[in-house]
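Peer 1: The sequence shown begins at 15 in my numbering and counts up one residue at a time.
Using N, Cα and C, we set each Cβ at its ideal position, and we do this for glycine too.
The structure displayed is predicted, hence computed values, not measured ones.
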Amino acid sequence: MILVDSSVWVDYFRGTDSQQTDKLGSLFGTGRILVGDLILTEVLQGFAVEHEFQTALELFKTVNLVRLGGFVLSVQAARNFQKLRTEGFIVRKTIDSLIATKCIASEFELLHNDLDFLPFEQYLGLKSVFPMTTNHW
Numbered sequence: 015m016i017l018v019d020s021s022v023w024v025d026y027f028r029g030t031d032s033q034q035t036d037k038l039g040s041l042f043g044t045g046r047i048l049v050g051d052l053i054l055t056e057v058l059q060g061f062a063v064e065h066e067f068q069t070a071l072e073l074f075k076t077v078n079l080v081r082l083g084g085f086v087l088s089v090q091a092a093r094n095f096q097k098l099r100t101e102g103f104i105v106r107k108t109i110d111s112l113i114a115t116k117c118i119a120s121e122f123e124l125l126h127n128d129l130d131f132l133p134f135e136q137y138l139g140l141k142s143v144f145p146m147t148t149n150h151w
């Protein structure tokens, strides 16, 4: 199963051509796409035009929704944040800790285009569809 981060959804809805959006497009109809509840909120709140919001909402209804929070996962996300801090990284967004921790705990791959996930890949075993490298950008 592949959890798709908002960085890819936003690019997809904007029509941006990338290996990540191409991969997302190839996954429709396979039943392998996951969207986190908080990712869903994050993406939908970006639409200013109602018909675009509705189009996106209809597409999201065709993929599997997963919960990103909860007590156990939230505690583990905080621990992962602390571990990365001891390695010299500051996680800029709490949602990234929750997304990465959910993927690690559930053995999901993450489809993203966000360098902020690099320390999760390097130090915590996050599996990404297209792993980041320090010279990626």
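Assuming Asn78 is part of the alpha helix (DSSP H), what are its boundary residues?
Peer 2: For the purposes of this step, residue 78 is identified with residue 64 of the sequence shown, where counting begins at 1. Counting along the chain, Asn78 falls outside any alpha helix (DSSP H), though it belongs to the beta strand (DSSP E) covering Asn78 to Val80.
Peer 1: If I follow the unbroken alpha helix (DSSP H) through Val86, where does it start and stop?
Peer 2: The residue labelled residue 86 in the question sits at position 72 within the sequence shown. Its alpha helix (DSSP H) spans residues Phe85 to Thr100.
Peer 1: Taking the alpha helix (DSSP H) that Ile109 falls in, what are its first and last residues?
Peer 2: For the purposes of this step, residue 109 is taken as residue 95 along the sequence shown, with counting starting at 1. Element bounds for Ile109: Thr108 to Ser120.
Peer 1: Can you give me the C-alpha to C-alpha distance between Gly60 and Leu38, rounded to a whole angstrom?
Peer 2: For the purposes of this step, residue 60 is taken as residue 46 along the sequence shown, with counting starting at 1. For the purposes of this step, residue 38 is taken as residue 24 along the sequence shown, with counting starting at 1. Rounded to whole angstroms, Gly60 to Leu38 spans 19 Å at the Cα level.
Peer 1: What distance in whole Å lies between the Cβ atoms of Leu48 and Leu17, which are believed to be in contact at a cut-off of 8 Å?
Peer 2: Taking the sequence shown and counting its residues from 1, one reaches residue 17 at position 3. Taking the sequence shown and counting its residues from 1, one reaches residue 48 at position 34. Rounded, the Cβ-Cβ distance is 4 Å, consistent with contact.
Peer 1: Ends of the alpha helix (DSSP H) at Leu129?
Peer 2: Taking the first residue of the sequence shown as position 1, residue 129 is located at position 115. That residue, Leu129, is in no alpha helix (DSSP H); it is neither H nor E in DSSP.
Peer 1: Taking the alpha-carbon of Arg81 as reference, which of Gly45, Phe95, Thr115 and Phe42 has the nearest alpha-carbon?
Peer 2: Translated into positions along the sequence shown, residue 81 becomes position 67. Selected option, being the one with the closest Cα: Thr115.
Peer 1: Expressed to the nearest angstrom, what Euclidean distance is found between the alpha-carbon atoms of Lys75 and Phe95?
Peer 2: Counted from its first residue, the sequence shown places residue 75 at position 61. Counted from its first residue, the sequence shown places residue 95 at position 81. Cα-Cα distance, rounded: 31 Å.
Peer 1: Look up Gly139 in the DSSP assignment and say whether it is helix, strand or coil.
Peer 2: To locate residue 139, count along the sequence shown from 1; it is residue 125. The answer is coil: DSSP assigns Gly139 none of H, G, I, E or B.
Peer 1: Can you tell me the Cβ-Cβ gap for Ala91 and Leu112, rounded? I've got them flagged as a contact below 8 Å.
Peer 2: Counted from its first residue, the sequence shown places residue 91 at position 77. Counted from its first residue, the sequence shown places residue 112 at position 98. 5 Å between Cβ atoms; contact.
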